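Student: 511 is the number that the numbering used here gives the last residue of the sequence shown; the numbers go up by one with no jumps. Can you keep this structure in mind? I'll have questions shortly.
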Amino acid sequence: MSNPFREELVSQARSEVCTVVILGATGDLTHRKLVPALYNLAAEGELPPGVKIVGMARRDWSDEYFRDSLESINREVSRSGHCEELWGEFRECVSYHCSEFQDAEGYRKLSERLDEIDRERGGAGNRLFYIASAPGFFDDILEHLGKAGLNAERAGYWSRVIVEKPFGTDLPSARHLNRIVNATFQERDTYRIDHYLGKETAQNLMVLRFANAIFEPIWNSRSIDSVQITCAEHFGMEGGRGGYYDKAGALRDMVQNHLLQLLSLVAMEPPTDLSADGVRDEKVKVLRSLRQWETPELVAANTVRAQYTAGHVNGKPVVGYREEDRVDPESMTEAYVALRVMVDTWRWSGVPFYVRMGKRLPKKATEISVHFKDAPGVLFSALPGRVPGGNVLVIRIQPDEGISLRIISKLPGASLRMEPVKMDFHYASSFGKSSPEAYERLLLDAMAGDATLFARRDEVEEAWKFIDHLERGWHATETPPKMAEYAAGSWGPVESDALMASEGRTWRRL
Ligand code: BG6
């Protein structure tokens with residue numbers, strides 16, 4: 002099915018011939034996400050013609066070695082499969098530039114190389130720098146791009162930067178990074194990536210809310226009892242991730258960015274228009290309205306932190322969090338977090354948003370569920386048997402992207418018995434094809450100059466304010482709130498169920 006918005010985006014991007022420079026090109030992100038995304042755009046005919054890709058990193062690789070290394074992973078992960086002929090053409094657009102990230106000379110040579118590419122293309126071209134290195138190099142890279150003049154707009158050709166996460170580790174470090182980014186690139190040329198915003202169903206949230214007139218009148222505390230946002234992952238610390246993760250934890254790794262972005266999309270007011278600032282103005286208001294619990298005791302009462310112990314996931318035995326590779330055996334970092342979040346706005350007064358994220362849960366799934374208040378019991382409460390609870394709108398972000406609505410229905414037969422049933426929409430069957438990967442959309446957006454699905458400076462900082470406040474609450478008392486435990490492969494700690502039960506609610510089973 003053709004999508005006019007995507008066609009417009011593609012045609013805008015196609016008019017912007019550019020070179021994509023990936024800094025940190027030998028890493029996993031480049032191999033597993035960025036290059037397969039660019040390849041898939043090419044496969045769909047959506048990659049602007051003349052695009053060149055230059056990977057820069059410290060390893061002493063040749064162009065050929067880099068291309069081969071990308072090819073072997075693309076074969077494994079590419080969404081549309083791997084076509085030899087297409088890859089043959091694609092790989093010719095890819096080259097490698099070896100340099101230390103702190104080496105001024107390396108950036109000077111990079112600049113020469115980019116000029117050469119521009120000349121081969123018959124004139125100057127646009128440049129998109131993607132900082133995909135380890136976060137410790139972000140400052141150096143930005144500073145050197147600036148010193149080499151690679152940040153400058155030239156004769157009508159733009160220079161933009163995409164900065165990967167984590168964007169800081171707390172508010173002061175995020176502000177510091179923002180200062181460096183903005184000293185080098187203009188805010189309108191800065192794209193702070195949050196790949197959850199590129200997921201089809203996350204994008205569909207705005208369409209669902211604002212293109213369907215039935216939802217807006219009931220999208221508030223009069224009709225909605227509560228909202229749940231769950232991100233479950235079955236994996237643990239594979240691939241050496243423990244080193245990074247043990248310093249970050251579930252709250253910083255996923256709630257600060259992905260889950261608060263989803264929450265903002267659910268809770269925001271209708272924007273005045275669909276411009277990047279129109280949408281981001283409304284999201285940032287939500288982040289500013291998140292309640293900061295007044296005391297450490299209240300922080301503790303509204304949050305649960307936990308680590309997994311040894312257990313079984315998908316039938317296989319796995320170790321506990323503290324036994325994972327590169328994790329401190331006495332670690333006090335959470336691999337699971339559950340929060341009760343209040344959005345203190347008129348629309349959401351009194352409606353809790355329950356947010357949870359955990360590693361080593363039974364499966365990988367992310368969903369948002371909007372739980373509506375029960376219908377008044379006047380008609381059916383006198384009947385024998387239980388009246389099933391209310392309506393639930395479920396937005397499945399992944400996998401099996403789609404939307405379902407739980408409604409109460411009469412069971413066929415002479416007696417008046419009720420059962421919940423589900424109206425279900427699946428992307429794959431309705432649109433007949435798999436959704437593009439988030440990075441495909443986001444790379445295309447950055448080429449087309451559309452920052453709507455990227456976080457603005459103030460959004461990132463507001464999100465950190467909220468997260469830092471929780472972290473401070475956890476560490477404010479001499480005896481910080483207990484680290485709860487759950488067996489790997491289970492749905493999290495009992496404390497998390499208790500957080501819900503204390504208000505008469507339960508987590509939705511995914
Ligand atoms: C990353 C986190 O940002 O998102 C990871 O650092 C997490 O810990 C990943 O696993 C999840 O992304 P996705 O798209 O697989 O849900």
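Don't be surprised by glycine CBs; every beta carbon is placed ideally from N, CA and C. Bear in mind that the values here come from a model prediction, so they are computed numbers and not experimental data.
For the ligand BG6, I want to know if K166 counts as a neighbour, meaning its beta carbon is within less than 8 Å of at least one of the ligand's heavy atoms.
Tutor: Yes, Cβ of K166 sits closer than 8 Å to a heavy atom of the ligand BG6.
Student: Alpha carbon to alpha carbon, how far is E368 from R510?
Tutor: Cα-Cα distance, rounded: 11 Å.
Student: Taking 9 Å as the threshold (C-beta atoms), are E438 and K166 in contact?
Tutor: Result no, Cβ atoms of K166 and E438 do not sit closer than 9 Å.
Student: Of all the beta strand (DSSP E) runs that stay within the bounds of the segment 257 to 344, which reach a length of 3 or more residues?
Tutor: Whole beta strand (DSSP E) segments, 3+ residues: 304 to 310, 312 to 314, 317 to 319 and 337 to 343.
Student: For L115, which three-state DSSP category applies?
Tutor: Three-state DSSP puts L115 in a helix.
Student: Roughly how many whole angstroms lie between the Cα atoms of L412 and P389?
Tutor: Taking the straight line joining both Cα atoms gives about 12 Å.
Student: Pick helix, strand or coil for R120, following the three-state DSSP scheme.
Tutor: Three-state DSSP puts R120 in a helix.
Student: Which of helix, strand or coil does DSSP assign to A38?
Tutor: Here A38 sits in helix by DSSP.
Student: Should M501 go down as buried or exposed, given a rule of 16 or more other Cβ atoms within 10 Å for buried?
Tutor: It is buried - the Cβ of M501 has at least 16 other Cβ atoms within 10 Å.
Student: Taking H476 as part of the alpha helix (DSSP H), name the residues at either end of that continuous run.
Tutor: It spans R458 to H476 - the alpha helix (DSSP H) in which H476 sits, taken as one unbroken run.
Student: Regarding K483 and the ligand BG6, is the C-beta to nearest heavy atom distance less than 8 Å?
Tutor: No, since every heavy atom of the ligand BG6 falls outside the 8 Å radius drawn around the Cβ of K483.
Student: Can you tell me whether DSSP reads V18 as helix, strand or coil?
Tutor: Three-state DSSP puts V18 in coil, outside helix and strand.
Student: Helix, strand or coil, according to DSSP, for Q204 in the structure here?
Tutor: Of the three classes helix, strand and coil, the one that applies to Q204 here is helix, per DSSP.
Student: Run the proximity test for M255: is its beta-carbon closer than 8 Å to any non-hydrogen atom belonging to the ligand BG6?
Tutor: For the ligand BG6, at least one heavy atom lies less than 8 Å from the Cβ of M255.
Student: Determine contact between the segment 237 to 249 and the segment 173 to 190, defined as no fewer than three beta-carbon pairs at a distance below 8 Å.
Tutor: No, the segment 237 to 249 is not in contact with the segment 173 to 190.
Student: Quick check: the segment 446 to 462 against the segment 208 to 217, are at least 3 beta-carbon pairs closer than 8 Å?
Tutor: The segment 208 to 217 is not in contact with the segment 446 to 462.
Student: If you scan the segment 332 to 419 from start to end, which runs of the beta strand (DSSP E) of 3 or more residues do you find wholly inside it?
Tutor: Qualifying beta strand (DSSP E) stretches, in chain order: 337 to 343, 353 to 359, 366 to 373, 393 to 399 and 403 to 411.
Student: Spell out the partners DSSP gives K423 in its beta bridges.
Tutor: K423 is bridged to R407.
Student: What would DSSP say about N213, mapped onto helix, strand or coil?
Tutor: Reduced to three states, the DSSP call for N213 is coil.
Student: For S350 versus S222, is the C-beta distance shorter than 9 Å?
Tutor: Yes, these two residues count as a Cβ contact at 9 Å.
Student: Is it the case that the segment 115 to 131 contacts the segment 15 to 34, given that we only count it when at least three CB pairs across the two stretches are under 8 Å?
Tutor: Yes: at least three Cβ pairs fall under 8 Å.
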